[in-house]
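Peer 1: This is the structure I want to talk about, given as structure tokens.
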């Protein structure tokens, strides 16, 4: 699979069809089905509903098919506990698909709300290890108003693309098409990679082992019009619009600022 960038925007996915032809289009599972693209290129859907709570563990982490206890994983979990104190954290699997080929042991730390109405947070675990360079790499997080399997799918898709060839690395300012509304009938159908402003500067950098670090970047849902605005005016101008309109970035029904 090949992902192409246009001025920081992930635009087109290229994949081989069953008869050997080349197919390209946006990141859209429904289009993949209609065009008979092998679905192993796209995260599958769960046999049942979204993952629910699991029994607690003595250390405060709920375990689901634990990945190997690497230094990066342990450091990330400690970092989340330190910067988000008192919150319940699950370790859950990502969406089914080829993610294990690129990110062995890929998991998502699911952080429960601190109080009713607070955000759910989903943080990747494994991107750093699969794509780091000289001890420096990234993980991604998504904020959402409720626990929803689609959030795991989004993080899995982004992890898969980011951890492919080096030219696919996602960074601040890049935008990624979701291939569907973010949640419900949201007008937001892209993510822009941003710094995690709402969680404070301490949240962004997780360090361990004498200098290795993961930068935790935010997948912020945006509209097509906001993506175009970012391309024409830059990320800072778009973020200024967000601040001016006082958006709730985890509200699927928010209005576009562009």
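In the working numbering, the protein residues as written are 29 to 286.
Where is the CB? At the ideal position from N, CA and C, for every residue including glycine.
Pull up the DSSP beta-bridge partners for residue 287, would you.
Peer 2: Given a span of 29 to 286 for the chain in the structure shown, any question on residue 287 remains unanswerable.
Peer 1: With a Cβ-Cβ cutoff of 8 angstroms, do residue 153 and residue 135 count as a contact?
Peer 2: As a first step, residue 153 must be located in the chain shown, where it is residue number 125. As a first step, residue 135 must be located in the chain shown, where it is residue number 107. Yes, Cβ-Cβ distance for residue 153 and residue 135 is below 8 angstroms.
Peer 1: I'd like the list of long-range same chain contacts for residue 243, defined as Cβ closer than 7 angstroms, with 5 residues on each side in sequence excluded.
Peer 2: Stepping through the chain shown from its first residue, residue 243 is reached at position 215. Taken in chain order, the residues that qualify are 166, 232, 233.
Peer 1: Mind checking whether residue 246 and residue 280 have CB atoms under 8 angstroms apart?
Peer 2: The sequence position of residue 246 within the chain shown is 218, counting from 1. The sequence position of residue 280 within the chain shown is 252, counting from 1. Not a contact, by the Cβ cut-off of 8 angstroms.
Peer 1: Which one or two residues does DSSP pair with residue 165 in a beta bridge?
Peer 2: As a working note, residue 165 is residue 137 in the chain shown. Beta-bridge pairing links residue 165 to 242.
Peer 1: Can you tell which of 103, 133, 217, 253 has the C-alpha that lies nearest to the C-alpha of residue 188?
Peer 2: Residue 188 sits at position 160 when you count from the first residue of the chain shown. Of the candidates 103, 133, 217, 253, the one whose C-alpha sits nearest the C-alpha of residue 188 is 133.
Peer 1: With a threshold of 6 angstroms on Cβ separation, who are the neighbours of residue 273 within its own chain once the five nearest residues in sequence on each side are excluded?
Peer 2: Along the chain shown, one-based indexing puts residue 273 at 245. Here the set comprises 285.
Peer 1: Go to residue 235, then tell me how far its beta strand (DSSP E) extends in each direction, as first and last residue.
Peer 2: Numbered from 1 along the chain shown, position 207 holds the residue referred to as residue 235. Element bounds for residue 235: 233-236.
Peer 1: Would you report the Cα separation of residue 161 and residue 129, rounded to the nearest angstrom?
Peer 2: The residue given as residue 161 occupies position 133 in the chain shown. The residue given as residue 129 occupies position 101 in the chain shown. Their backbone Cα atoms lie some 19 angstroms apart in a straight line.
Peer 1: Which residues in the same chain have their Cβ closer than 6 angstroms to the Cβ of residue 184, if we skip the five residues on either side of it in sequence?
Peer 2: One-based indexing of the chain shown puts residue 184 at position 156. Excluding sequence neighbours, residue 184 sits near 71, 122, 123, 127.
Peer 1: Shorter than 8 angstroms from the beta carbon of residue 243 to some beta carbon of chain D?
Peer 2: Of the protein chains in the structure, only one exists, and it is not chain D.
Peer 1: In the DSSP output, which residue or residues are listed as bridge partners for residue 249?
Peer 2: Residue numbering aside, residue 249 sits at position 221 when the chain shown is read from its first letter. 219.
Peer 1: Would you check if the distance between the CB atom of residue 276 and the CB atom of residue 252 is smaller than 8 angstroms?
Peer 2: Against the chain shown, residue 276 aligns to sequence position 248. Against the chain shown, residue 252 aligns to sequence position 224. In this structure, residue 252 does not lie closer than 8 angstroms to residue 276 by Cβ.
Peer 1: According to DSSP, is residue 203 helix, strand or coil?
Peer 2: Along the chain shown, read from residue 1 onward, the residue named residue 203 stands at position 175. In the structure shown, residue 203 sits in a strand (DSSP, three-state: E or B).
Peer 1: Which value, in whole angstroms, describes the spacing of the CA atoms of residue 145 and residue 99?
Peer 2: Indexing the chain shown from 1 puts residue 145 at position 117. Indexing the chain shown from 1 puts residue 99 at position 71. In a straight line, the C-alpha of residue 145 is about 33 angstroms away from that of residue 99.
Peer 1: Taking C-alpha atoms, which residue in 159, 117, 271 lies nearest to residue 186?
Peer 2: Stepping through the chain shown from its first residue, residue 186 is reached at position 158. Measuring from the Cα of residue 186, the nearest candidate turns out to be 159.
Peer 1: Distance check for residue 255 and residue 82, CA to CA, integer angstroms please.
Peer 2: Translated into the one-based positions of the chain shown, residue 82 becomes position 54. Translated into the one-based positions of the chain shown, residue 255 becomes position 227. Unreliable positioning characterises residue 82 in this predicted model, as indicated by a pLDDT of 34, which lies under 50. The coordinate reading is nonetheless provided below. Straight-line Cα distance between these residues: approximately 37 angstroms.
Peer 1: Tell me the DSSP secondary structure of residue 138 in three-state form.
Peer 2: Taking the chain shown and counting its residues from 1, one reaches residue 138 at position 110. Of the three classes helix, strand and coil, the one that applies to residue 138 here is strand, per DSSP.
Peer 1: Relative to the C-alpha of residue 172, which candidate in 157, 151, 164 has its C-alpha closest?
Peer 2: One-based indexing of the chain shown puts residue 172 at position 144. Closest by alpha carbon: 151.
Peer 1: For residue 227, which of 103, 104, 202, 112 has the nearest alpha-carbon?
Peer 2: Reading the chain shown from its first residue, position 199 is the one you call residue 227. Considering only alpha carbons, the answer is 112.
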